[in-house]
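First residue of the sequence shown: 1, per UniProt numbering; consecutive thereafter. To start, the structure itself, in structure tokens.
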Amino acid sequence: VISADSRQVYRGMDLGTGKVTRLEMKDVTHHLIDVADPATIYTGADFKRDAEVALEDIITRGKLPIIAGGTFFYLELLRGTMSTAPVPPNPELRVLLETKSTAELQRQLVVADITHSAKIDINNRRRLMRAIEIIHTLGMIPPVESNTFPYDWLTIGIDIPIDILATRIHKRILQRIDQGMIEEVEKLHKEGVTWERLDSFGLEYRYIARYLQGTITREIMIEELSVKTRQFAKRQRTWLKRDKSIIWFPFPVDTNDTISLIEDFLKQ
Numbered sequence: 001v002i003s004a005d006s007r008q009v010y011r012g013m014d015l016g017t018g019k020v021t022r023l024e025m026k027d028v029t030h031h032l033i034d035v036a037d038p039a040t041i042y043t044g045a046d047f048k049r050d051a052e053v054a055l056e057d058i059i060t061r062g063k064l065p066i067i068a069g070g071t072f073f074y075l076e077l078l079r080g081t082m083s084t085a086p087v088p089p090n091p092e093l094r095v096l097l098e099t100k101s102t103a104e105l106q107r108q109l110v111v112a113d114i115t116h117s118a119k120i121d122i123n124n125r126r127r128l129m130r131a132i133e134i135i136h137t138l139g140m141i142p143p144v145e146s147n148t149f150p151y152d153w154l155t156i157g158i159d160i161p162i163d164i165l166a167t168r169i170h171k172r173i174l175q176r177i178d179q180g181m182i183e184e185v186e187k188l189h190k191e192g193v194t195w196e197r198l199d200s201f202g203l204e205y206r207y208i209a210r211y212l213q214g215t216i217t218r219e220i221m222i223e224e225l226s227v228k229t230r231q232f233a234k235r236q237r238t239w240l241k242r243d244k245s246i247i248w249f250p251f252p253v254d255t256n257d258t259i260s261l262i263e264d265f266l267k268q
């Protein structure tokens, strides 16, 4: 299994990213989990490079690679449907962008490149700033020259009704808090990960960090997490439904149907 999740690459970020446990990984090797320090930046280009190495390793050993996740940007990079721009960080521009609100960054990106703005998590300040940084240097997000992905690709999605999904999201948040998600964020900060860096890691880390700083109450933290996660899941669902190559299975999934589909795919 290759994880295509932009946060599961970081060590110490377990509950907030929904990582599989060591027990769950016991019989199946998982790649690109816990490969980076959260104080450093692991880029899309890093993922593409490491995922290609993992794919080659798995296939060479005669095994079937399963890519799970995750971060659609990563998946598109791997498939060659999105480019990685060789643009170095611009510290001066980033200082300026840090002074802007997330809403201001969103508007700036939409004006500069409305197509790319629909492809990234618009609530992730780090990705917003990186996209603006690339446009500032090159004048645009460079188009993909060609699809160089050398393997056939089967994409399976699980179609969960909105009401069931909303209930599961809220239940999952409460469960992870009971399991120690707040303590996980607190530990990361004590180990040197800044509040600003934690904010960039997405909803769970953002709102728990704000709670730990005393800017919101525990009740508001849980409510905001639940609402914002549902909204994010809705945007993900809308984006995925545009991809006509995805084969959807209704929830709950009949595993016999998915296994039959995979077996037929492998025979081709």
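Yeah, the Cβ is synthetic: ideal placement off N, Cα and C, and Gly gets one too.
Open item on the list: What would DSSP say about W153, mapped onto helix, strand or coil?
Closed with: In the three-state DSSP reduction, W153 falls in the coil class, being neither helix nor strand.
TODO: Find out if the Cβ-Cβ distance for the pair A166, R230 is shorter than 8 Å.
DONE: A Cβ-Cβ contact shorter than 8 Å links A166 with R230.
- [ ] Pull up the distance between the alpha-carbon of A4 and that of I67, whole angstroms please.
- [x] Distance between the alpha carbons of A4 and I67 is about 6 Å.
Open item on the list: Per DSSP, what are the beta-bridge partners of F249 in this structure?
Closed with: F249 is bridged to I158.
- [ ] Identify every residue that forms a DSSP beta bridge with S226.
- [x] In DSSP, S226 forms no bridge with anything.
TODO: Round the Cβ separation of Y74 and P38 to the nearest angstrom and send it over; I've been treating them as touching at under 8 Å.
DONE: A Cβ-Cβ separation of about 17 Å leaves Y74 out of contact with P38 under the 8 Å criterion.
Task: Member of P91, R126, Q8, N90 whose CA lies at the smallest distance from the CA of L105 - done: Of the candidates P91, R126, Q8, N90, the one whose C-alpha sits nearest the C-alpha of L105 is R126.
Task: Option nearest L138 by Cα separation, candidates I156, P88, K190 - done: L138 has its Cα closest to that of P88, out of I156, P88, K190.
Open item on the list: Looking only at its chain, what residues have a beta carbon closer than 8 Å to the beta carbon of I216, apart from the 5 residues adjacent to it on each side?
Closed with: The answer, listed in chain order, is Y207, R210, E224.
TODO: For M221, count neighbouring Cβ atoms within 10 angstroms of its own Cβ and tell me buried if that reaches 16, exposed if not.
DONE: Its Cβ being crowded by 16 or more others within 10 Å, M221 is buried.
TODO: Consult DSSP for residue 301 and reduce its assignment to one of helix, strand or coil.
DONE: Outside the displayed range of the chain (1 to 268) lies residue 301, so it cannot be described from this structure.
TODO: Given a cut-off of 8 Å, decide if L93 and F47 are closer than it, judged by their beta-carbon atoms.
DONE: Taking the C-beta atoms as reference points, L93 is found no nearer than 8 Å to F47.
Task: Option in I156, F149, G62, V193 with minimal Cα separation from I258 - done: Just to set this straight, residue 258 is Thr in the shown sequence, not Ile. In terms of Cα proximity to T258, the closest of I156, F149, G62, V193 is I156.
Task: Classification of G44 by the beta-carbon crowding that lies within 10 angstroms, buried from 16 upward - done: With 16 or more other Cβ atoms within 10 Å, it is buried.
Open item on the list: If I follow the unbroken alpha helix (DSSP H) through K190, where does it start and stop?
Closed with: Per DSSP, K190 belongs to the alpha helix (DSSP H) from 181-190.
Task: chain B contact for T21 (CB, 8 Å cutoff) - done: Among the chains of the structure shown, chain B does not appear; only one protein chain is present.
Task: Local Cβ density within 10 Å of D243, reported as buried at 16 or more and exposed below that - done: Label assigned to D243: exposed.
Open item on the list: Which runs of the alpha helix (DSSP H) at least 4 residues long sit entirely within the segment 52-86? Give them in chain order.
Closed with: Counting only runs of 4 or more, we get 72-79.
Task: Residue closest to N123, alpha-carbon to alpha-carbon, out of L261, F201, T21 - done: Put simply, of L261, F201, T21 the residue whose alpha carbon is nearest the alpha carbon of N123 is F201.
Open item on the list: E196 and M181 - do their beta-carbons sit closer together than 8 Å?
Closed with: The answer is no: Cβ separation not under 8 Å.
TODO: Pick helix, strand or coil for I41, following the three-state DSSP scheme.
DONE: Looking at I41 - three-state DSSP - the assignment turns out to be coil, as it is neither helix nor strand.
- [ ] Express the C-alpha separation of G214 and R107 in angstroms, rounding to a whole number.
- [x] Straight-line measurement puts the Cα of G214 at about 29 Å from the Cα of R107.
- [ ] Return the first residue and the last residue of the alpha helix (DSSP H) that residue 272 is part of.
- [x] Nothing can be reported for residue 272, as the shown portion of the chain is limited to 1 through 268.
TODO: Report buried or exposed for R176, applying the criterion of at least 16 other Cβ atoms within 10 angstroms of its Cβ.
DONE: When all chains shown are included, R176 counts as buried.
Task: 8 Å contact criterion, which D132 and I141 should meet: CB distance rounded - done: For the record, residue 132 in the displayed sequence is Ile; it is not Asp. Their Cβ separation, rounded to whole angstroms, is 10 Å, which puts I132 and I141 out of contact at 8 Å.
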